[in-house]
Amino acid sequence: MTELERFRSLFNQQVLHTFDYLRTVGEPQWQGIPSDSEALYLGSRINKITIAALSRHLATAESHWISQLPSLPANGTMPMPEKDPVVEAVKTVPSFIDVYEKRHQKNMERLAMLGAADLDKRLVFAGRHYTGMGLLWSILGHHAYHLGQMDLLMRQQGVEAPEYMEWREKERVVG
């Protein structure tokens, strides 16, 4: 298994697992504002974030990064993702999952097309230096970071989230 194949396998299972998370969320929890207290402080940047906003951010950022990687010149600077009007317009959990599933499928197709030059090239994103492969692993970490936040927001609202790393795939080696 190549490093890219390992990444694709783990990333795919993590995103599919996120869809399983989202299917347990009702509409009130989708837009629910988290509780914020001294005992459970989420920080100044995210104390008003919702599951909907985190989910939209993941769908938009992942599509942006994966689509930009092959066309970015070596040593180029990747722009920050911008809000996507299609993703932002989605109002219900099932509709969002449909949009995100289509984007994820396209992401997986794009990842399969990456070559050694894409993975080895150096680039800059948010003032940090990466190789293409390093950026991909950072995307996986970014997804896990926000999935943890979504898990916390779900639990605050009485929704029991699926267990982490209980992927859909049970038979073959994932990564």
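When we follow numbering that gives the first Met the number 0, the leftmost residue of the sequence shown carries the number 0, and every step to the right adds one. Quick reminder that beta carbons are idealized off the backbone N, C-alpha and C, glycines included.
Beta-carbon spacing of residue i, residue j below 9 Å
i, j, result
"GLU87", "HIS63", "no"
"ALA160", "MET153", "yes"
"PHE10", "MET77", "no"
"PHE95", "LEU21", "yes"
"LEU68", "GLY131", "yes"
Nonlocal neighbours in the same chain, by C-beta distance under 6 Å from residue i, ignoring five residues either side
i, result
"PHE6", "LEU135"
"ARG167", "LEU15"
"ALA58", "VAL86, TYR99, ARG102"
"GLY75", "LEU122"
Identity of the residues DSSP links to residue i by a beta bridge
i, result
"ARG121", "THR130"
"GLY75", "LEU122"
Nearest to residue i (by Cα), restricted to the options the options
i, options, result
"ALA52", "GLU170, HIS145, ASP97, GLN155", "HIS145"
"ARG102", "GLY25, SER66, GLU26", "SER66"
"SER54", "LEU118, LEU15, GLY75, PRO72", "LEU15"
"ILE32", "ARG171, GLY157, LEU68", "GLY157"
"GLU165", "GLU4, ALA116, GLN12", "GLN12"
"ASP150", "SER8, THR1, ASP19", "ASP19"
"ASP89", "GLU26, GLN155, ILE48, ALA115", "The sequence as given places Val at residue 89; Asp does not occur at that position. Of the candidates GLU26, GLN155, ILE48, ALA115, the one whose C-alpha sits nearest the C-alpha of VAL89 is GLU26."
"VAL92", "VAL172, TRP29, MET0", "TRP29"
Spatial neighbours of residue i in its chain, beta-carbon cut-off 7 Å, leaving aside the 5 residues before and after
i, result
"VAL85", "VAL98"
"ALA73", "LYS120, ARG121"
"HIS128", "ARG121"
Cβ shell of residue i (< 8 Å), same chain only, five flanking positions each side left out
i, result
"THR23", "MET153, VAL158, GLU159, ALA160, PRO161"
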